[in-house]
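First up is the structure itself, then whatever we jot down about it.
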Amino acid sequence: MVGIRPQGRRRSVRRPLALAAIGGAVLVMVGAGVWAILSATAFNTTPQQVTTGTLELTMADNGVGFSQPITNIAPGDVVNRYVNLTNGGTLDAQALTLQVAATGSPALITDGSGGVTTKALHVTITSCSGSWAPTTGVCTGTPAVVMASTVLSALSTTPVAVGSGVFTASAVQHLQVSVQLPDQAEVAINGTLPTNTIQGLSAFLTYTFAEAQRTATLTNS
Amino acid sequence: MFHPAGRTGAVAATLVALLVVAPVAWAGSNAKAPGPAISTSSGRWGGTGAVNPNAPVTGGMLSGSWGAVDGTPRFGTVTNTGTLVLGTASYTVTATGLSVGSLVAEACSGATWTTAGAGTCAGSTVVLDSTATAGATAAIAPAQPNAVLSVRLKPTGLSVAFTGSLSISVARTNVRAATTTFA
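Residue numbers (our numbering), protein chains in the order written: chain G, 257 to 477; chain P, 216 to 398.
Okay, here's the thing in structure tokens:
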């Protein structure tokens with residue numbers, strides 16, 4: 257009696273498992289047939305290409321440009337240099353700006369830095385719809401002031417707008433950069449320069465033009 | 216379900232993630248074209264006087280001392296010590312102890328004063344200033360940087376000891392006119 261009970265207990269465990277497996281297989285086979293639906297897809301055989309545009313700004317000297325220093329400038333003097341800016345990317349640009357990093361003598365950078373009367377260097381930018389002749393300052397098209405006379409200190413802290421509107425891709429801006437030391441009076445007595453003089457000073461200027469991409473667009477086509 | 220501290224931490228982490236992503240989401244394309252640093256230097260102007268080696272020099276002025284009944288002139292130079300071209304300069308003769316007579320400063324234009332005796336000028340003599348007048352702006356100056364103008368300080372009609380000097384001042388108006396250059 258004791259040896260028969262374990263055999264009966266083993267048989268009762270296998271049977272439900274086998275029934276469950278068989279039942280599950282039947283449900284899978286029959287259910288798939290019952291719930292199957294028709295479907296269809298469509299796709300483009302040639303992948304759609306999406307490319308991003310480029311925004312590139314380059315600067316080249318026209319004449320000596322920024323490659324030569326300006327020396328021995330006297331109050332009232334204006335020194336004109338010429339550069340060409342090219343929007344070499346594939347995107348139109350906007351918001352052309354100029355920032356000038358200036359180091360050196362503070363009196364040449366900030367008004368009143370050397371003394372209450374000292375006047376620092378100012379920069380003016382004039383665009384030409386044609387091109388500039390760098391040795392004569394003649395514009396073959398129409399000149400237009402795109403950045404009014406601005407003291408260096410203002411240009412070094414915040415970028416200043418250079419004109420407005422769209423800077424078309426592949427277009428070139430022909431710019432005249434005028435550097436002026438405003439007129440101011442000083443007297444040197446017996447060879448001695450006055451205190452807080454504007455004379456004999458030097459500043460080092462790095463011009464950086466910048467542009468932003470055109471306004472984002474929504475296209476339907 | 217969440218522990219309060221855990222929820223707060225999750226919210227904070229989400230906000231930080233949004234802050235990091237936000238600038239990227241709003242950033243447009245920008246392009247820059249920086250140029251090389253270009254130096255800009257201002258010029259200087261000035262003129263300084265110096266007497267000949269046998270006479271004293273004070274503060275860049277041309278000066279001298281005269282004894283009683285001493286009519287010997289002093290000779291010297293005015294040099295353009297600046298870097299800019301001068302058109303004119305202001306000259307002022309002063310004298311201390313001078314009760315009679317006068318002290319006159321004269322330039323020798325186009326030549327140099329000879330220093331023997333009262334001196335002679337092979338060029339043309341130009342009066343710069345005199346104690347008999349009040350300072351003057353002479354239309355003569357050592358034009359080019361480092362150029363030298365020969366001058367003479369000459370007492371006239373004196374019989375007392377005194378000291379005198381010639382001072383030179385150069386203002387912006389004495390320097391070349393402002394220019395506009397293209398390059």
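Every residue, glycine too, gets a C-beta built ideally from N, C-alpha and C.
For the putative contact between G/D439 and P/A393, defined by C-beta atoms under 8 Å, what is the C-beta separation to the nearest angstrom? 7 Å
Between the C-alpha atoms of P/V366 and G/T448, what's the straight-line distance to the nearest angstrom? 20 Å
Would you identify the three-state DSSP class for G/A349, choosing helix, strand or coil? In this structure, G/A349 counts as strand in the three-state DSSP scheme.
By the three-class DSSP mapping on this structure, what secondary structure does G/T413 have? helix
Contact set for G/P331: own chain, Cβ-Cβ below 6 Å, skip 5 residues either direction: L437, D439, Q440
Using the C-alpha atoms, what's the distance from P/T296 back to P/N361? 6 Å
How is G/R337 classed by DSSP in three states: helix, strand or coil? DSSP places G/R337 in strand when its eight states are reduced to three.
In this structure, how does DSSP classify G/N446 when only helix, strand and coil are distinguished? coil
Spatial neighbours of P/A322 in its chain, beta-carbon cut-off 6 Å, leaving aside the 5 residues before and after: Excluding sequence neighbours, P/A322 sits near V341, L343, I355, L364, V366.
Measure the alpha-carbon distance for P/V315 versus P/A331 and round it to whole angstroms. One C-alpha to the other measures close to 25 Å.
Can you list, in chain order, the residues of its chain with a C-beta nearer than 7 Å to that of P/T327? Leave out the 5 residues immediately preceding and following it. Only S365 meet the Cβ criterion.
Taking 8 Å as the limit between beta carbons, can you name the residues of its chain near P/R391, skipping five residues before and five after? L299, V300, L301, G302
Since G/F465 is in the beta strand (DSSP E), which residue starts that stretch and which ends it? 458-469
Strictly under 9 Å for the Cβ-Cβ distance: is G/M315 near chain P by that measure? It does: the Cβ of G/M315 has a partner Cβ on chain P nearer than 9 Å.
Restricting to Cα atoms, I'd like to know which of P/T348, P/G291, P/T311 is closest to P/G334. Of the listed residues, the one whose Cα sits closest to P/G334 is P/G291.
Within 10 Å of its beta-carbon, does G/F299 have 16 or more other beta-carbons around it, so buried, or fewer, so exposed? exposed
Can you say whether P/K247 is buried or exposed, counting buried as having 16 or more other CB atoms within 10 angstroms of its CB? exposed
Following the continuous beta strand (DSSP E) through G/I381, name the residue where it begins and the one where it ends. 378-384
G/T342 - DSSP class collapsed to helix/strand/coil: It is a strand residue.
Taking beta-carbon pairs under 9 Å, can you tell me which members of the segment 446-457 of chain G lie near chain P? N446, G447, T448, L449, T453, I454, Q455, G456, L457
Using 8 Å for Cβ pairs, my map puts G/T353 next to G/A427. What's the rounded Cβ distance? About 17 Å; that fails the 8 Å criterion.
Apart from the five residues just before and just after G/Q455, which ones in its own chain have a Cβ nearer than 7 Å to its Cβ? E442, L449
Taking its Cβ as the centre, do 16 or more other Cβ atoms sit within 10 Å of G/Q429, making it buried, or is it exposed? Counting every other CB atom within 10 Å of its CB across the protein chains shown gives G/Q429 a total of 16 or more, marking it as buried.
Contacts of P/F290 in chain G (Cβ-Cβ under 8 Å): Correct list: empty, because the minimum Cβ distance to chain G is about 17 Å.
Give me whichever residues DSSP pairs with P/E321 in a beta bridge. By DSSP's assignment, P/E321 forms a beta bridge with P/V342, P/R367.
What are the boundary residues of the beta strand (DSSP E) that includes P/F290? Start and end: 289-295.
C-beta contact flag for G/T382 and G/V401 at 9 Å: Between G/T382 and G/V401, the C-beta gap is smaller than 9 Å, which places the two residues in contact.
Please report the Cβ distance between G/Q350 and G/T471, rounded to the nearest whole angstrom; I am assuming they are in contact, meaning their Cβ atoms lie under 8 Å. So it is a contact: roughly 7 Å between Cβ atoms.
Report yes or no: do the segment 331-344 of chain G and the segment 356-367 of chain G share at least 3 C-beta pairs separated by less than 8 Å? no
Give the residues of chain P in contact with G/G319, contact being defined as C-beta atoms less than 9 Å apart. F397, A398
Buried versus exposed call for P/P251 [16 or more other C-beta atoms within 10 Å across all chains shown]: exposed
Could you tell me if G/P303 is buried or exposed, where buried requires 16 or more neighbouring beta carbons within 10 angstroms of its beta carbon? G/P303 should be labelled exposed.
Length of the line joining the Cα atoms of P/G325 and P/P357: 11 Å
Candidates G/I329, G/T297, G/F465, of which the one nearest G/M403 by Cα: When only C-alpha atoms are compared, the closest one is G/F465.
Under 8 Å from the C-beta of G/I329: neighbouring residues of chain P: T255, S256, S257, G258
Residues of chain P with CB under 9 Å from G/T464, in chain order? Neighbours of G/T464 on chain P, chain order: K247, A248, P249, G250.
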